[in-house]
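With our numbering applied, the sequence shown has no gaps in its numbers, which climb one by one up to 253 at the end.
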Amino acid sequence: MHIVVDESLGIPKDITGSATIRISKLKKAASLHDYITSKKGGIFQRSLPIIKRTLQEELEEVGALLETHPSVLYIYDSFTTDSGVIKRLKNWYFPNEKLYILDGSENKALAVYLILEQANLVDAEDIVLTGNYKRLTITNNHKYRKSSNYLALKERKFKQYFLFEHNGEKPIVSGSKQGLLDEIAKHNPANMMVMASRTKLDADYKGSSFYQLEGTGLPIQSDVVDILIADQNVPLYVKKTNGVTSE
């Protein structure tokens, strides 16, 4: 199984290994990195001018990947990639070619974990996530998943932080970022805790690991910490290799 990941998720380059990074398309810009570093302070550039690939473009690009790799896990960013088109492709290619998709923007810590697992997934024909994990998000902007906020270029300073469960619409609790991290570590004594954020964290908890996202990782306006909590002794996914299912 080959892994493909959108550039706008900001997965650290030092862990991507053999994964394919799909470059974001923008209007009148050479690259996402160039646009962020040179334009975000401008008066008129208030949001990233993302161009989502058309159905024909996705057919050509994803089709080329599936010609080389009969099984592909695509970790995409639904704010820069048309999720409706990707879901249609997934159904079209099955069962002759297998395209597995995951919206990495929902929790980048899970995306990081799967990238780290690519050595174990290289021989996989199928993969099913078990759901034996917890996904949490700490952010200083409780509307960070609105497209207008996710793609905004200007950084804003929000003093208060909020803790959300996966895809939760309302925060569980609010407080300082460090205080919320401490409480999560205290009340989730699991032996694996993966954290991912554009901002460096001062967090060294038992069984924890932190991955600082690249400067191309979105959103820019909000400070977001995605967290994956699991028991290392319980499988997070099941794979099938040569017709045999294994954990």
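Glycine residues also receive a C-beta, built at the ideal position from the N, C-alpha and C atoms. Values in this document were obtained by computation on a predicted structure and should not be read as measured data.
Let me know the secondary structure DSSP gives R94 once reduced to three states.
In the sequence shown, residue 94 corresponds to position 88, counting from 1. In this structure, R94 counts as helix in the three-state DSSP scheme.
Quick one: what's got a C-beta closer than 7 angstroms to G185's C-beta in the same chain, skipping five residues either side?
For the purposes of this step, residue 185 is taken as the residue at position 179 of the sequence shown. Here the set comprises nothing.
Return the residue from the list T22, L207, I21 and M198 that minimises the CA-CA distance to L242.
Here residue 242 is taken as the residue at index 236 of the sequence shown, counted from 1. Comparing Cα positions, the closest option is M198.
Just list the residues that DSSP pairs E123 with in beta bridges.
For the purposes of this step, residue 123 is taken as residue 117 along the sequence shown, with counting starting at 1. Answer by DSSP bridge pairing: none, since E123 is not bridged.
Rounded to whole angstroms, what is the Cα-Cα separation between I9 and K212?
Reading the sequence shown from its first residue, position 3 is the one you call residue 9. Reading the sequence shown from its first residue, position 206 is the one you call residue 212. Those two C-alpha atoms are separated by around 29 angstroms.
Thinking C-beta only, is G16 closer than 7 angstroms to G174?
As a first step, residue 174 must be located in the sequence shown, where it is residue number 168. As a first step, residue 16 must be located in the sequence shown, where it is residue number 10. The answer is no: Cβ separation not under 7 angstroms.
Spatial neighbours of I49 within its chain, please: CB distance less than 7 angstroms, with the 5 preceding and 5 following residues excluded, ordered by chain position.
Residue 49 sits at position 43 when you count from the first residue of the sequence shown. Any reading at I49 must be qualified, since the residue scores a pLDDT of 49, below 50, and its modelled position is unreliable; the value itself is stated next. Same-chain partners within the cutoff: there are none.
CB-CB under 7 angstroms to S84, same chain, minus the five flanking residues each way: which ones, in chain order?
Locating residue 84 in the sequence shown gives position 78, where the first residue counts as 1. Here the set comprises D109 and S111.
Determine the direct distance from the alpha carbon of E131 to that of R52, and round the result to whole angstroms.
Residue mapping note: residue 52 aligns to position 46 of the sequence shown, counting from 1. Residue mapping note: residue 131 aligns to position 125 of the sequence shown, counting from 1. Each residue's alpha carbon lies about 43 angstroms from the other.
Going by the DSSP bridge assignment, what does V10 pair with across the sheet?
For the purposes of this step, residue 10 is taken as residue 4 along the sequence shown, with counting starting at 1. Its beta-bridge partners are T26 and Y80.
Quick one: what does DSSP say S44 is sitting in, helix, strand or coil?
Within the sequence shown, residue 44 is the residue found at index 38, counting from 1. Three-state DSSP puts S44 in a helix.
What residue from Y150, A125 and I57 has the CA that sits closest to D232's CA?
Working through the sequence shown from its first residue, we reach residue 232 at position 226. Closest by alpha carbon: Y150.
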